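Residue numbers (this note's numbering), protein chains in the order written: chain A, 72 to 501; chain B, 72 to 501.
All C-beta atoms, glycine included, are put in the ideal place defined by N, C-alpha and C.
Quantities reported herein were computed from a predicted structural model and do not represent experimental measurements.
Read through the structure below, which is laid out as structure tokens, and then see the notes.
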């Protein structure tokens with residue numbers, strides 16, 4: 072098939088008429104489908120129902136160190152949970168704090184603490200004229216929402232398939248002492264599914280920030296979320312690499328079991344250096360007497376150990392792999408050779424990223440919505456929701472069932488074709 | 072028996088010798104008892120083991136409104152939990168936000184949010200030269216720890232058996248726009264077990280603060296924690312009273328199930344006006360996608376309704392009542408007529424407060440510690456840990472078992488006698 076730009080105006084006009092006819096068919100189906108958020112589907116949630124059985128009224132809710140999980144105490148988490156999440160995060164259990172249900176909450180609190188009390192003795196960010204963060208784009212909208220809420224200037228840094236453009240990152244953090252952080256999703260990134268290369272991680276660990284309170288916000292949300300047994304991305308462990316590079320305090324690392332067990336009832340964790348830990352513990356002891364220990368124990372008893380968790384993640388992969396492949400196959404089938412967009416084919420994580428022709432993303436998302444399929448809002452992958460090229464669309468294939476996903480991806484591809492064809496048609500006019 | 076101050080020096084000297092002999096007996100027992108914190112005892116925790124049975128892998132974890140509790144969503148809590156905690160807090164479910172395990176965390180976050188973003192559009196507290204809080208004394212050390220951590224000036228206000236001295240509270244908040252809050256434990260207060268009178272609550276609701284962002288931090292931690300069936304304190308509901316008084320936005324009200332089910336795995340809540348709710352929701356949506364919903368559902372299914380919770384609390388009372396009475400009886404038996412201290416006899420809550428002779432509290436606590444009984448640190452009931460009269464001791468009778476508590480209270484009374492006698496003896500010398 073000819074690419075759209077190679078078609079004559081007449082050919083394109085005919086194509087558009089045909090596409091509109093197909094679009095009306097979708098409209099007549101009165102769809103209500105949601106591909107907007109990275110939510111596990113019901114089948115995935117069912118995998119963890121065993122969590123509800125590991126504790127009952129005859130269970131001993133005592134930890135290995137004798138702590139009664141039902142009572143007050145254990146500010147930074149019970150030992151066995153630190154061990155399990157240590158294995159999950161590839162960190163020393165001693166470098167880990169277990170929190171409540173939400174790692175987003177941990178990230179918010181980390182920014183908030185830096186605002187009110189500074190980091191390891193530095194000036195609280197609220198006392199500074201301005202604070203800036205680097206934001207690899209496209210990126211995760213909820214990260215950007217936190218920094219926006221705190222009035223932090225967000226500076227976009229382009230992502231590549233090996234991570235953020237490190238030349239730019241190195242230059243900016245070395246030059247500007249107001250740059251205090253960078254948001255990273257280093258493995259199976261949100262939304263592209265890219266994993267940082269060894270070179271990228273090494274360069275992160277060797278950053279020479281002008282601000283001594285600069286921190287890398289390393290959100291390893293998808294560390295365990297492989298789609299394939301035989302093709303998996305590996306990441307150099309960042310805390311260890313920072314330590315080797317002589318920059319032990321450079322990183323806050325976040326993770327959770329949200330997409331391993333239940334997003335509505337998981338446990339979150341932070342891993343960082345002993346110096347940062349002391350700093351955080353000093354605040355945490357005023358904030359709470361401790362997070363939910365029974366749920367920590369529940370997770371430990373459910374998985375038993377990291378091998379149990381890995382096996383569990385293979386079951387997630389079995390559910391998700393066909394969904395990712397269905398979207399990829401649909402895009403391949405419908406769009407190859409048309410030259411109207413590219414998409415990522417990640418080996419893990421929760422998203423596929425689609426890059427449309429410039430200026431088309433909003434229109435594509437709007438078209439899909441008018442036919443009953445909700446996609447992540449165009450622009451959401453950029454700070455302030457403003458994608459300057461209007462070409463970034465995040466596709467979240469996990470939540471819908473196979474049939475709905477087939478319909479939704481077909482509609483999506485159709486919307487891409489329609490909007491792109493109309494754009495090219497209009498351009499040919501002038 | 073003569074009071075110590077009526078004794079001659081010689082009589083006192085003999086008494087001291089006798090007391091020291093008794094004290095050595097306790098030392099020889101090599102005790103390791105803890106009466107320092109308001110922790111439920113194991114028997115109390117056992118009351119809630121049914122929580123572990125209400126959900127299993129065959130349970131439907133769907134809320135009444137169709138929300139799957141396992142997945143993301145429900146930022147401010149599931150409806151049925153808002154309803155249960157609404158009944159518990161005597162508030163409209165719509166005025167309630169459910170949080171994670173710790174109400175202290177909610178209070179910390181409330182102060183922190185005011186620091187970084189202000190309250191309903193007012194200047195963030197971090198931008199002010201100074202912020203002040205009123206602190207009824209004696210009070211709760213963890214409240215004071217939060218305000219101290221934020222560098223807030225804490226102004227002590229004396230407690231009476233009907234609540235804080237309201238003349239002083241009214242005067243101070245009307246005069247000083249830097250006073251932004253007051254810590255209150257309005258029912259079965261920590262540490263005295265006093266409940267605010269109707270008059271006090273009415274005056275709170277009618278405060279005319281100079282600061283429009285002044286808020287009452289109303290920590291109703293012990294709302295359900297009666298010790299007796301037939302003698303119970305009732306409190307005018309503060310949000311309703313504020314609404315009636317035309318000051319709907321004056322209060323943040325906190326509560327949790329920490330001392331109802333498990334301190335290590337409960338749910339916390341905040342109740343406040345719709346305006347404050349909007350303000351908080353605007354922040355909360357950046358902080359988290361939602362707190363643990365499965366645990367909310369677990370609590371609802373366990374208690375079924377408020378009557379279930381009330382009946383549950385009667386079982387707590389049956390365990391706690393004899394403990395409180397044992398301490399009170401011991402103090403009565405050992406100290407009556409000696410004129411060396413007074414103590415409260417609360418109808419609920421977690422503490423008994425002992426007021427020693429001035430300058431004796433630290434010494435009493437130290438003596439008890441040397442014989443193996445840990446009491447709450449003297450001074451802890453005052454801001455900055457500084458009790459100017461050194462006469463306030465918080466007794467926490469809930470955690471030890473009956474036998475240990477008998478020993479510990481007897482030792483406590485002995486230490487009071489010994490320290491007081493030595494003080495009076497020394498005074499008679501001069």
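Residues are counted here when their Cβ sits less than 7 Å from a Cβ of chain B; for the stretch 359-391 of chain A these are 359, 360, 361, 362, 363, 364, 365 and 366, given in chain order. Pairing residue 259 (chain B) with residue 288 (chain B) gives a Cβ-Cβ distance that is not under 9 Å. Considering only beta carbons, the part of the stretch 333-347 of chain A lying closer than 9 Å to chain B consists of 333, 334, 335, 336 and 337, in chain order.
Per DSSP, reduced to three states, the secondary structure at residue 158 (chain A) is helical. Between residue 186 (chain B) and residue 221 (chain B), the gap from beta carbon to beta carbon is short of 9 Å.
Between residue 94 (chain B) and residue 428 (chain B) the beta-carbon gap is near 18 Å, outside 8 Å, which marks them as no contact. If you ignore the 5 residues before and after residue 278 (chain B), its C-beta comes within less than 6 Å of the C-beta of 244, all in its own chain and listed in chain order. Interface annotation, residue 284 (chain A): not in contact with chain B, CB-CB separation never under 9 Å.
Taking residue 416 (chain A) as reference, the option from A:483, A:410, A:401 and A:74 with the minimal CA-CA separation is A:401.
Contact between the stretch 136-154 of chain A and the stretch 356-374 of chain A is present: 3 or more CB-CB pairs across the two stretches fall below 8 Å. Annotated as proximal: residue 109 (chain B) and residue 330 (chain B), with beta-carbon spacing under 9 Å.
DSSP places residue 466 (chain A) in the strand class (E or B) of the three-state scheme. For residue 108 (chain B), the nearest beta carbon of chain A is closer than 9 Å to its own beta carbon. Residue environment for residue 367 (chain A): buried (at least 16 other C-beta atoms within 10 angstroms of its C-beta). With fewer than 16 other beta carbons inside 10 angstroms of its own, residue 315 (chain A) counts as exposed. Looking at A:488, A:493 and A:107, the one whose alpha-carbon comes closest to that of residue 405 (chain A) is A:488. Excluding sequence positions up to five before and after residue 445 (chain B), its CB lies within less than 8 Å of the CB of 104, 105, 106, 107 and 439, all in the same chain and listed in chain order. If you draw a straight line from the Cα of residue 333 (chain A) to the Cα of residue 142 (chain B), it is about 6 Å long. In chain order, 195 place their CB closer than 6 Å to the CB of residue 188 (chain B), counting only its own chain and leaving out the 5 sequence neighbours on each side.
Taken in chain order, the complete beta strand (DSSP E) segments of 3 or more residues contained in the stretch 247-319 of chain A are 250-255 and 286-290. Rounded to the nearest angstrom, the gap between the Cα atoms of residue 247 (chain A) and residue 442 (chain B) is 59 Å.
If you check the CB distance, residue 208 (chain A) and residue 228 (chain A) come in under 9 Å. When DSSP assignments are scanned along the stretch 320-346 of chain A, the uninterrupted stretches of beta strand (DSSP E) that are 3 or more residues long and fall wholly within it turn out to be 322-327 and 339-342. A check of alpha carbon separations from residue 327 (chain B) across B:168, B:151 and B:128 identifies B:168 as the nearest.
Sixteen is the threshold: since fewer than 16 other Cβ atoms of the shown chains lie within 10 Å of the Cβ of residue 131 (chain B), the residue is exposed.
For residue 79 (chain B), the secondary structure class from DSSP, reduced to helix, strand or coil, is coil. Out of B:420, B:403, B:462 and B:452, the CA that lies nearest to the CA of residue 430 (chain B) is found in B:462. Along the stretch 318-334 of chain B, the positions whose C-beta sits under 9 Å from a C-beta of chain A are 329, 332, 333 and 334, read in chain order. The shortest CA-to-CA distance from residue 170 (chain A) to any of A:138, A:250 and A:365 is the one to A:365. Of all residues in the stretch 214-233 of chain A, only 216, 217, 220 and 221 place a beta-carbon less than 7 Å from a beta-carbon of chain B. Close to residue 179 (chain B), with beta-carbon spacing below 8 Å, are these residues of chain A in chain order: 357, 358 and 359.
Using a Cβ-Cβ cut-off of 9 Å, residue 142 (chain A) counts as an interface residue toward chain B, since at least one Cβ of chain B sits closer than that to its own. For residue 311 (chain A) and residue 157 (chain A), the gap between their C-alpha atoms comes out near 13 Å.
Between residue 412 (chain A) and residue 425 (chain A) the beta-carbon gap is near 6 Å, inside 8 Å, which marks them as a contact. Within chain B, the C-beta atoms nearer than 7 Å to that of residue 126 (chain A) come from 123, in chain order. Shown here, residue 204 (chain B) sits in a strand according to DSSP, grouped into three states.
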